[in-house]
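Just so it is clear: in the sequence shown, position 296 is 298 by the working numbering, and no numbers are missing. Structure record follows, encoded as structure tokens.
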Amino acid sequence: MKAAPGAQLPVKDVFGRDGFIARLWRALETNSVRMEAERRVGKTSILHKMAAEPLPGWDPVSLDLEQVHSAAEFAEMVCENVHQRLVGWKKQGKRLLHFLGLLGGAEVGPIKFPPKKDRSENYWKTLLTTTIEDLVEQQAASDKRVVFLFDEMPWMLAAIAKREGEQTAMEVLDTLRTLRQSATTGQGFRMVLCGSIGLHHILGSLRQQGYKNEPVNDMTLVEVPPLEPSVAAGLAAGLLEGDGVAADEAAPSLIADRTGGYPYYVQWVVYELRLDGQPANADNIDRVMKKLLTAPHDPCDIRHFRSRIDGYYPKAEKFVLAVLDHAARASAPLSQAELINVAKSAGDTDDEQIRELLRLMALDHYLGRDTDGRYTFRNTLLRQWWILDRGLN
Ligand SMILES: Nc1ncnc2c1ncn2[C@@H]1O[C@H](COP(=O)(O)OP(=O)(O)OP(=O)(O)O)[C@@H](O)[C@H]1O
Ligand SMILES: [Mg+2]
3 MKAAPGAQLP
13 VKDVFGRDGF
23 IARLWRALET
33 NSVRMEAERR
43 VGKTSILHKM
53 AAEPLPGWDP
63 VSLDLEQVHS
73 AAEFAEMVCE
83 NVHQRLVGWK
93 KQGKRLLHFL
103 GLLGGAEVGP
113 IKFPPKKDRS
123 ENYWKTLLTT
133 TIEDLVEQQA
143 ASDKRVVFLF
153 DEMPWMLAAI
163 AKREGEQTAM
173 EVLDTLRTLR
183 QSATTGQGFR
193 MVLCGSIGLH
203 HILGSLRQQG
213 YKNEPVNDMT
223 LVEVPPLEPS
233 VAAGLAAGLL
243 EGDGVAADEA
253 APSLIADRTG
263 GYPYYVQWVV
273 YELRLDGQPA
283 NADNIDRVMK
293 KLLTAPHDPC
303 DIRHFRSRID
313 GYYPKAEKFV
323 LAVLDHAARA
333 SAPLSQAELI
343 NVAKSAGDTD
353 DEQIRELLRL
363 MALDHYLGRD
373 TDGRYTFRNT
383 LLRQWWILDR
393 GLN
């Protein structure tokens, strides 16, 4: 195992996620799953591992939706992949072939979709629906079970909203929900939704356009945690060994602790130690951490944590910054009352709005909340970065 921060990992190097993935497969038995997490926690790596090593009986279709900008592209992508599966099972999707006017033709190769000008009304919706109906019918006959792994779904929805209007983005969500809830397709249509921006942001902006539905509340919400300290230490030890970096006995757990268990940052620290040709001891780990956190080119891609605040909390940036500054300095968990006072002293006067803001900041992984309802700055490494970047030390 070699440190490769940001690279697409060989599946065998996706470390410490077996238990989490086993839970996901169990959840998928009965329901579709929405996977949420802070950026760079390792969501895509989890999807890759699921796609490469499915539980027996499952047949994953892994789709990266980042480059998809229209509802028709999405429906066609799903259709093309389902068609390939059906061909592999020596089955036919009669409804979808009929809809596309291809029934009776040579449908073994890639499907030909009609050009835009020849598309019928409701083209993408009908294509998506007939495709899933065919899939559910034929997978039962083939004793298979497909699960769609949709990465970057929020990006796609944002792109569709921008290009085709909010209405279409809402209809995509509603159509998927209808298929999940339908008596004919619901039992056989499973998906994992995930992405690097929280779906609640997209839903929030759709709601501003009058969207009232709850299109994902039928799905099981699963949060991807950072690695447990001992697991992150195991990853650090494996990478140090793989990269031939001489290490003190305590080095792996020190790296796990400093990085808050984020595999991405564990990878970065070991990578830097290897480049520096330095042994992994407390001094060098600290030095490398400081360098990573202060380098102007932001190698660990942390700055988005600050720069997205303006977009995430329009008109409330000042209060969010005040709350985070306060939480970053605090040495113990903070009560809600204390954070409400902090926001008030920054100029916000409405308690309810501040409560809502705190709720969103927890959803966006800025704040953690303990079982007594008290708040902390969620991640140690991001907290260190915040303190350095904001000059709070
Ligand atoms: N389980 C893991 N074991 C080892 N390294 C990992 C693991 N998960 C993530 N990483 C490291 O973190 C990097 C980012 O992981 P990944 O792309 O899966 O995160 P992500 O949550 O999908 O990020 P984003 O929010 O930007 O989409 C990987 O390139 C790899 O270096
Ligand atoms: Mg990702």
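In this text, a Cβ means the ideal position worked out from N, Cα and C, and glycines have one as well.
Ordered along the chain, which non-local residues of its own chain (more than five positions away) have a Cβ less than 6 Å from that of residue i?
i, result
"residue 136", "95, 97, 98"
"residue 163", "171"
"residue 127", "177"
"residue 27", "57"
"residue 208", "168, 172"
"residue 5", "241, 245, 269, 272, 273"
"residue 42", "266"
"residue 129", "77, 81"
Cβ-heavy atom distance between residue i and ligand 2 below 6 Å?
i, result
"residue 45", "yes"
"residue 198", "yes"
Regarding residue i and ligand 1, is the C-beta to nearest heavy atom distance less than 6 Å?
i, result
"residue 9", "yes"
"residue 269", "yes"
"residue 265", "yes"
"residue 19", "yes"
"residue 194", "no"
Check residue i in the structure and name its three-state DSSP category.
i, result
"residue 156", "helix"
"residue 261", "coil"
"residue 282", "strand"
"residue 378", "strand"
"residue 226", "coil"
"residue 313", "helix"
"residue 249", "strand"
"residue 184", "coil"
"residue 221", "coil"
"residue 66", "strand"
"residue 363", "helix"
"residue 150", "strand"
"residue 352", "coil"
For residue i, which residues from the same chain have a beta carbon less than 7 Å from its beta carbon, with the 5 sequence-adjacent residues on both sides left out?
i, result
"residue 1", "Any question about residue 1 goes unanswered here, given that the chain covers just 3 to 395."
"residue 314", "203, 366"
So, for residue i: in the same chain, excluding its five sequence neighbours on each side, which residues have a beta-carbon less than 8 Å away from its beta-carbon?
i, result
"residue 341", "325, 328, 329, 356, 360, 377"
"residue 186", "135, 138"
"residue 379", "326, 329, 330, 332, 368, 369, 370, 385, 388"
"residue 259", "231, 382"
Please check the pair residue i and residue j, which I expect to be a contact at CB under 8 Å, by giving their CB distance rounded to whole angstroms.
i, j, result
"residue 91", "residue 51", "So it is not a contact: roughly 24 Å between Cβ atoms."
Could you tell me whether the region 230-247 touches the region 9-24, where touching means 3 or more Cβ pairs closer than 8 Å?
yes
With three or more C-beta pairs closer than 8 Å as the rule, is the region 141-160 touching the region 62-81?
yes
Could you check whether the region 188-196 touches the region 35-47, counting it as contact only if at least three pairs of C-beta atoms, one from each stretch, sit closer than 8 Å?
yes
Does the region 317-324 touch the region 346-356, meaning 3 or more C-beta pairs lie closer than 8 Å?
yes
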